[in-house]
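Colleague: Anchor point for the sequence shown: position 242 equals 241 in numbering that gives the first Met the number 0, and the numbering is continuous, going up by one each time. Backbone N, C-alpha and C define an ideal beta-carbon position, used for all residues, glycine too. Only a predicted model underlies this, so the values are computations on that prediction, with no experimental measurement involved.
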Amino acid sequence: MTMLLRTIALLIPATMAVAPLGAQDAPPAPPASGPVLVAADLRAGTDLSGPWHYSIDPFRSGIAGFHGEAPDKGQQRWLDIDPRAAMATDNRVLYEFDLGHSPVTTLPSSWLTEAPELRHYQGLMWYQRTFPAPVQRRGRYFLRFGAANYSTVVYLNGKPVGRHEGGFTPFAFEVTKLLRDGDNQVTVGVDSQATETTVPPPVTDWENYGGITRPIRLIATPDTYVDDAWVRLQRDGKLAVDVHLDGPQAANRAVHLRVAELHLDRAGVTDAHGDWRATVAAPRALVRWSPERPKLYDVAVDAGEDHWHDRIGFRTIETRGADILLNGKPIFLRGISMHEEELGTDPTRAMTPAAARALLSEIKDGLHGNYVRLAHYPHAEVTLRLADEMGLLVWSEVPVYWRVAWGDPDTLARARAMLAENIHRDRNRAAIAIWSVANETPVTDARNAFLRTLVADVRRLDDTRLVSAALLVERDKTADHPVMTLADPLAGALDVLAINTYNGWYTSDRLNTLATSEWRVPADKPLIFSELGADARAGFHDPVKEQKFSEEFQADYYRATLGMADRVPTLRGLSPWILKDFRSPRRQNPDFQQGWNRKGLISETGQRKQAFDVLASYYANRAK
Ligand code: GCB
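1. In the DSSP assignment, what are the bridge partners of Y140?
2. From what residue to what residue does the alpha helix (DSSP H) around Q609 run?
3. Check whether the Cβ atoms of L111 and H100 sit closer than 9 Å, and answer yes or no.
4. Would you be able to state if there are at least three C-beta pairs under 8 Å between the stretch 135 to 149 and the stretch 191 to 210?
5. Any idea if G64 is buried or exposed, counting beta-carbon neighbours within 10 angstroms, 16 or more meaning buried?
6. What's the gap between the Cα of L123 and the Cα of R276?
7. Quick one: residues in its chain with C-beta nearer than 8 Å to the C-beta of L453, no 5 flanking neighbours on either side, listed in chain order?
8. When the Cα of F591 is compared with those of A554, D475, G406 and H540, which residue comes out closest?
9. Closer than 8 Å: is that where the CB of K598 sits relative to any heavy atom of the ligand GCB?
10. Tell me the start and end of each unbroken beta strand (DSSP E) in the stretch 407 to 465 that is at least 3 residues and wholly inside, in chain order.
11. Determine the direct distance from the alpha carbon of L493 to that of I323, and round the result to whole angstroms.
12. Let's see if you can read the secondary structure: which residues bound the alpha helix (DSSP H) around R519?
13. Return the CA-CA distance between K547 and K598, expressed in angstroms with no decimal places.
14. Considering only residues of the stretch 142 to 174, which uninterrupted beta strand (DSSP E) runs meet the minimum length of 3 residues and lie entirely inside it, listed in chain order?
15. Regarding T203 and the ligand GCB, is the C-beta to nearest heavy atom distance less than 8 Å?
16. Near Q609, which residues of its chain fall below 6 Å by C-beta distance, leaving aside the five closest residues on each side in sequence?
17. Should T223 and A171 be called a contact, given that it needs their Cβ atoms to be closer than 9 Å?
18. Tell me where the alpha helix (DSSP H) around V185 begins and ends.
19. Between which two residues does the alpha helix (DSSP H) harbouring A50 extend?
20. Starting from T45 and walking both ways along the beta strand (DSSP E), at which residues does that stretch end?
21. With DSSP run on the structure shown, which of helix, strand or coil describes D534?
22. Could you give the first and the last residue of the continuous alpha helix (DSSP H) run that contains F552?
23. What's the C-alpha gap between E340 and M350?
24. Is the stretch 568 to 585 touching the stretch 359 to 375 in the sense that three or more CB pairs, one from each, lie closer than 8 Å?
25. Pick helix, strand or coil for W627, following the three-state DSSP scheme.
26. According to DSSP, is S395 helix, strand or coil?
27. Grab the span of the alpha helix (DSSP H) containing D387 for me, first residue to last.
28. Quick check: what's the CA-CA separation for R464 versus E291?
29. Look up H540 in the DSSP assignment and say whether it is helix, strand or coil.
30. Measure the C-alpha to C-alpha separation of P481 and E473 and round it to an integer number of angstroms.
31. According to the Cβ coordinates, are P107 and R424 closer than 9 Å?
32. Quickly, what does DSSP pair V268 with across the bridge? List them, please.
33. Given a cut-off of 9 Å on the beta-carbon distance, is the pair H378 and S395 in contact?
34. Please classify A237 as buried or exposed, where buried requires at least 16 neighbouring CB atoms within 10 angstroms.
35. Measuring CB to CB, does W125 end up less than 9 Å from T212?
36. Is it the case that the CB of H272 approaches a heavy atom of the ligand GCB more closely than 8 Å?
Okay, structure coming up:
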């Protein structure tokens with residue numbers, strides 16, 4: 000546990016907490032760790048985005064006193080009081096915070112961009128706002144966070160409501176009984192500090208945007224409501240539905256699955272646990288979702304007073320030998336990778352629909368793509384919804400990245416919880432083709448066991464997608480040409496093999512030798528180059544010597560690497576690194592990087608580099 004969560008665990012009763020999932024006991028699949036509220040973004044609610052007060056707490060004084068004991072009153076940020084008025088009234092009173100009179104930021108956003116002195120702040124931040132309770136309350140209310148990075152503790156009107164760990168997945172707490180008439184005060188502590196046992200750990204190659212980076216909403220539901228619903232087309236051609244109701248009338252309840260456009264109305268009754276499962280023959284009129292025709296249907300689940308709905312596309316994805324089949328037909332994944340970072344000179348990881356559309360349009364229309372790798376963690380719901388609408392297949396991953404504490408059961412529990420939260424949120428998205436469990440993780444027994452557990456979780460939670468991981472290869476140092484061998488024992492557990500390759504960028508290979516590369520990979524599974532790339536600073540040209548960081552080098556690197564890719568018989572897709580230059584504190588070459596990883600095909604402001612056209616025409620040809 001992080002320090003924040005460890006201390007908070009002492010303060011918040013476990014029953015109110017999102018408990019870490021049981022770690023080593025592999026089966027059964029991890030349960031949902033709190034209310035799922037699937038398709039919460041389409042439910043009625045009050046948007047709590049907008050102005051919030053904020054205040055740093057670098058020594059975590061609101062979490063623990065200086066001897067490690069519970070903090071005294073003068074430091075308890077969540078108290079339902081007015082410190083200024085209290086101190087003015089009684090000179091024995093001391094408060095060393097006053098959130099209600101602290102500076103204001105606009106959420107969702109990261110604090111890194113709020114003020115220059117916060118640019119490199121990694122630690123605990125407190126946020127607070129008040130909001131009016133809905134008048135005439137009925138049913139149940141949940142405070143839902145799209146994401147907060149990294150560990151979070153939430154209080155309402157001075158009372159703890161829950162805690163959550165993981166910077167990229169949604170979480171919700173029921174607050175029905177804590178709401179009061181008139182103004183309600185919500186206080187949130189968010190700690191961005193990564194440790195050796197968090198997921199991801201401290202060393203990555205992207206900006207650690209601390210803060211509440213996705214929408215916060217107060218969601219209203221009836222007393223008994225559809226907490227989870229999963230509607231999909233199975234590989235056997237049937238539609239399958241799983242529903243879970245939560246509430247006093249969840250058991251033995253009549254439910255209906257309705258897809259009006261297909262005249263589909265299937266009735267059922269939940270069991271004693273509030274669960275209903277059914278399959279129905281797919282209506283003949285069903286149009287299957289594809290990148291060329293991303294057809295979505297309005298799907299409803301009615302259960303008593305609750306009318307749940309979502310927009311869902313139906314398609315199958317599977318492998319046959321080295322082929323990836325979409326709706327039974329072989330497909331080549333014409334993709335690119337992207338981080339969750341909006342265009343602009345000072346991104347704050349606030350992904351609005353417009354910001355997501357700007358990025359995905361570059362892929363779909365600019366590059367002629369049909370696929371995107373959403374690296375290296377679950378992206379915002381808006382991005383997934385747009386991928387569904389625009390027709391882009393998605394690789395989705397959890398931040399099990401580079402060097403993780405493989406032997407630590409808590410770390411495994413964390414990764415499993417994130418994976419489960421991600422799959423629960425997104426398994427209704429037709430766009431999702433591949434769940435990936437890791438990126439560039441060195442092979443050891445402990446790592447293999449850890450990742451095998453994650454692969455098994457994916458298969459239990461969603462058997463309609465493909466499982467992958469970006470793997471490392473071994474380079475034969477004695478060969479006279481580049482020879483790379485995939486010897487990772489995890490390969491056998493995956494549906495799609497994925498390799499990141501940077502020959503000619505991080506290696507001293509001359510670009511004209513890449514064509515002679517040999518890739519020794521299993522012949523019976525599809526391979527994806529999940530990354531390939533080279534940096535270039537937009538506008539820096541060196542047509543004669545083509546030094547690194549010139550647009551010419553990057554364009555030539557793409558030509559050479561794409562030529563190499565064409566000679567790999569099992570290659571079925573590409574997601575080069577990366578669409579847009581992105582913030583990375585490890586990149587400090589003052590001439591070219593200035594804190595940015597420059598492997599984008601477009602600059603941070605959207606300027607296309609030469610290599611953009613190289614990939615765009617390659618994909619245009621592939622699409623013919
Ligand atoms: C990788 C990583 C990615 C980095 C990239 C790079 O292999 O997966 O996160 O950003 O290389 O630019 O070095």
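Modeller: The answer reads as follows:
1. Bridge partners of Y140: A219.
2. Q609 to A622
3. With contacts defined as CB atoms closer than 9 Å, L111 and H100 fail to qualify as a contacting pair.
4. Judged by Cβ distances under 8 Å, the stretch 191 to 210 makes contact with the stretch 135 to 149, as three or more pairs qualify.
5. With fewer than 16 Cβ atoms within 10 Å of its Cβ, G64 is classed as exposed.
6. 43 Å
7. V397, V399, A414, R415, L418, V436 and A437
8. H540
9. yes
10. 431 to 438
11. Rounded to the nearest angstrom, the two C-alpha atoms are 13 Å apart.
12. First-last for R519: E517 to R519, but that is the beta strand (DSSP E), not the alpha helix (DSSP H).
13. 11 Å
14. 150 to 155, 158 to 164 and 170 to 173
15. yes
16. E550 and A554
17. No, Cβ-Cβ distance for T223 and A171 is not below 9 Å.
18. Taken as a continuous stretch (DSSP letters only), V185 belongs to no alpha helix (DSSP H), being part of the beta strand (DSSP E) at D182 to D190.
19. It should be pointed out that residue 50 corresponds to Pro in this sequence rather than to Ala. DSSP places P50 in no alpha helix (DSSP H) but in the uninterrupted beta strand (DSSP E) bounded by G49 to I55.
20. G44 to D46
21. coil
22. E550 to D565
23. 7 Å
24. yes
25. The displayed coordinates of the chain run from 0 to 623. Any statement about residue 627 would go beyond what the structure contains.
26. Correct three-state label for S395: strand.
27. E380 to M389
28. For R464 and E291, the distance between alpha carbons rounds to 19 Å.
29. coil
30. 11 Å
31. no
32. A253
33. yes
34. In the sequence on display, residue 237 carries Lys and not Ala. Classification of K237: exposed, given that the 10 Å Cβ count is below 16.
35. no
36. no
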